[in-house]
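Working notes, structure below.
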Amino acid sequence: MSAFIITGLDPAPFVALYGLADDALAERGVERMIVTEKPGFPCRVTLEDVAVGETVLLLNHEHLPVDTPYRQRHAIFVKEGAEAAARHVDTVPAQLAIRPLSVRGYDVDGHMVDADLVDGRLLPALIDRLFADPLIAYLHAHNAKRGCFAARIDRG
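Positions -11 to 144 (this note's numbering) are the ones given, in order, by the sequence shown.
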């Protein structure tokens, strides 16, 4: 039995943006960017840092659409053309392992129960500690420096 599953965002809401002209993206509050360094442009669908020269879309995304004061949205990168959400069972993708993270635990109603900071390489131990609390239904990892949503973590 697995202990945890880390997943990327479903690409479906972003597919209609792929290939749009820059002015059409701007009308939707989205910016196309050419990746200039790796790491530096983490895709929230593939959970990989996008390669230099490829394109990403920078957009605002509601990653915690709950009817509580904890509702959240923030800027994220999506690799243009990303087709499948990443799924990592009992492993931490490199994109998360190389960054300091803020990990937040939520109950089934979307209320934050606990949170902590962690070096991404030590994420499994924090996941175990947070999931030891039966009130925590799922976790959200955020990049600690910029505060943006990184990935969802569920019990395995």
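We put the beta carbon where it would ideally sit given N, CA and C, even for glycine.
Residue i: first and last residue of the uninterrupted beta strand (DSSP E) it sits in
i: F(-8); result: -8 to -5
i: L35; result: Here L35 belongs to no beta strand (DSSP E), and DSSP marks it neither H nor E.
i: E15; result: Element bounds for E15: not the beta strand (DSSP E) but the alpha helix (DSSP H), 10 to 15.
i: F137; result: 137 to 143
i: H128; result: 126 to 131
i: E19; result: 19 to 22
Straight-line gap, residue i to residue j (C-alpha atoms, nearest Å)
i: G135; j: L114; result: 18 Å
i: L47; j: F65; result: 7 Å
i: L8; j: E19; result: 11 Å
i: K67; j: Y58; result: 27 Å
i: A138; j: D116; result: 18 Å
i: T79; j: V106; result: 16 Å
i: D10; j: A72; result: 24 Å
i: A120; j: G41; result: 42 Å
i: A4; j: D(-2); result: 13 Å
i: A(-9); j: I141; result: 10 Å
i: C31; j: T43; result: 10 Å
i: A129; j: R92; result: 6 Å
i: A63; j: R109; result: 24 Å
Range covered by the alpha helix (DSSP H) that runs through residue i
i: F2; result: 0 to 3
i: F119; result: 111 to 119
i: A82; result: 82 to 85
Strand pairing of residue i, partner residues [DSSP]
i: A63; result: N48
i: D102; result: G93
i: R75; result: T(-5)
Cβ distance (whole Å) where residue i is taken to contact residue j below 8 Å
i: Q83; j: L35; result: 5 Å
i: I124; j: D97; result: At roughly 12 Å, the Cβ-Cβ gap does not stay under 8 Å, so I124 and D97 are not in contact.
i: L111; j: L89; result: 6 Å
i: V101; j: G144; result: Contact doesn't hold; Cβ gap of about 19 Å is too wide.
Cβ of residue i within 8 Å of any chain B Cβ
i: V3; result: The structure shown contains no chain B; it is built from a single protein chain.
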